[in-house]
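Inspection log for the structure reproduced underneath, given as structure tokens.
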Amino acid sequence: DAKTTQPPSMDCAEGRAANLPCNHSTISGNEYVYWYRQIHSQGPQYIIHGLKNNETNEMASLIITEDRKSSTLILPHATLRDTAVYYCIAPDAGGTSYGKLTFGQGTILTVHP
Amino acid sequence: NAGVMQNPRHLVRRRGQEARLRCSPMKGHSHVYWYRQLPEEGLKFMVYLQKENIIDESGMPKERFSAEFPKEGPSILRIQQVVRGDSAAYFCASSERQGAIYEQYFGPGTRLTVT
Numbered sequence: 103d104a105k106t107t108q109p110p111s112m113d114c115a116e117g118r119a120a121n122l123p124c125n126h127s128t129i130s131g132n133e134y135v136y137w138y139r140q141i142h143s144q145g146p147q148y149i150i151h152g153l154k155n156n157e158t159n160e161m162a163s164l165i166i167t168e169d170r171k172s173s174t175l176i177l178p179h180a181t182l183r184d185t186a187v188y189y190c191i192a193p194d195a196g197g198t199s200y201g202k203l204t205f206g207q208g209t210i211l212t213v214h215p
Numbered sequence: 044n045a046g047v048m049q050n051p052r053h054l055v056r057r058r059g060q061e062a063r064l065r066c067s068p069m070k071g072h073s074h075v076y077w078y079r080q081l082p083e084e085g086l087k088f089m090v091y092l093q094k095e096n097i098i099d100e101s102g103m104p105k106e107r108f109s110a111e112f113p114k115e116g117p118s119i120l121r122i123q124q125v126v127r128g129d130s131a132a133y134f135c136a137s138s139e140r141q142g143a144i145y146e147q148y149f150g151p152g153t154r155l156t157v158t
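Protein chains in written order, with the numbering used here: chain G, 103 to 215; chain Y, 44 to 158.
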């Protein structure tokens, strides 16, 4: 897996956009970037993934820089229920770790009223 | 469409007993993964299975742990002769197809407590 680096924690006011950064400078050309989150004591939840184009779904937007060395997950209108640990993962496209998600420390996002 | 189901949600075992954790993947999903989260630690991959096959068990402890995903029925993670260090949350995930194996959908987990 490409190494990813995320800030350990971030705060956001309710109703504002939450922008969570991730560095993945060693990512290879065919490795996607995936985002998951884990709300306290629940199972992780898939959010979104992308390769090189920006992506948007009902949960979030993913902005990937042109050189693919970093990305930003955007929650456009954060709510208290978005308080969670957010993980940026760039799994190995076809090596020995095929199918395996490697969860790092992630970013603890706290949304304040 | 029901999500990934795991049972039991909570399981208490005495040291030396066996623990059996069950996982029913989402309908139409044929890839199953098990992860473990020790207290105050991150999620760790354990095993990846397809129907009747173990694809990758590199994260499984060498002894006492086994997993299966039979042709019919749920996937089972079995822990024999449990020890206190096995106390953790065990999460199962499933994915739909070969081209989407990293788009994994997780169950609510089974919390195992060994006394």
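Beta carbons: idealized from backbone N, C-alpha and C, even for Gly.
In this text, all values refer to a predicted model and were calculated from it rather than measured experimentally.
Taking the C-alpha atoms as reference points, what is the distance between residue i and residue j?
i, j, result
"V137 (chain Y)", "V157 (chain Y)", "Note that residue 137 (chain Y) is Ser in the sequence shown here, rather than Val. So the alpha carbons of these two residues sit roughly 26 Å apart."
"S127 (chain G)", "V55 (chain Y)", "44 Å"
"P109 (chain G)", "A143 (chain Y)", "27 Å"
"T107 (chain G)", "L122 (chain G)", "11 Å"
"G59 (chain Y)", "Y133 (chain Y)", "19 Å"
"D99 (chain Y)", "D194 (chain G)", "14 Å"
"I165 (chain G)", "P51 (chain Y)", "39 Å"
"S163 (chain G)", "V126 (chain Y)", "43 Å"
"N125 (chain G)", "R57 (chain Y)", "44 Å"
"L177 (chain G)", "D184 (chain G)", "9 Å"
"S109 (chain Y)", "H53 (chain Y)", "19 Å"
"E115 (chain Y)", "S173 (chain G)", "41 Å"
So residue i and residue j are supposed to be a Cβ contact under 8 Å. How far apart are they, rounded?
i, j, result
"S73 (chain Y)", "K94 (chain Y)", "6 Å"
"G117 (chain G)", "H179 (chain G)", "6 Å"
"Q49 (chain Y)", "T153 (chain Y)", "5 Å"
"M89 (chain Y)", "G102 (chain Y)", "4 Å"
"R65 (chain Y)", "P104 (chain Y)", "19 Å between Cβ atoms; not a contact."
"L153 (chain G)", "Y134 (chain G)", "5 Å"
Measure the Cβ-Cβ separation of residue i and residue j and say whether it is below 7 Å.
i, j, result
"V187 (chain G)", "G206 (chain G)", "no"
"S143 (chain G)", "I210 (chain G)", "no"
"E111 (chain Y)", "I119 (chain Y)", "yes"
"I122 (chain Y)", "A45 (chain Y)", "no"
"G145 (chain G)", "G150 (chain Y)", "yes"
"E146 (chain Y)", "Y189 (chain G)", "no"
"Y91 (chain Y)", "G201 (chain G)", "yes"
"I150 (chain G)", "E160 (chain G)", "no"
"D113 (chain G)", "T204 (chain G)", "no"
"V213 (chain G)", "L182 (chain G)", "yes"
"I129 (chain G)", "A192 (chain G)", "yes"
Over the uninterrupted beta strand (DSSP E) stretch that includes residue i, give me the two end residues.
i, result
"K154 (chain G)", "No beta strand (DSSP E) contains K154 (chain G), which DSSP labels as neither H nor E."
"N125 (chain G)", "A120 to N125"
"K87 (chain Y)", "L86 to Q93"
"R79 (chain Y)", "H74 to Q80"
"R56 (chain Y)", "H53 to R56"
"H214 (chain G)", "T209 to H214"
"D169 (chain G)", "No beta strand (DSSP E) holds D169 (chain G); DSSP gives it neither H nor E."
Under the DSSP definition of a beta bridge, which residues are partnered with residue i?
i, result
"M48 (chain Y)", "Y:S67"
"F18 (chain Y)", "Not covered by the structure: residue 18 (chain Y). The range shown for chain Y is 44 to 158."
"M112 (chain G)", "G:L211"
"L182 (chain G)", "Paired residue(s): none; L182 (chain G) is not in a bridge."
"Q140 (chain G)", "G:V187"
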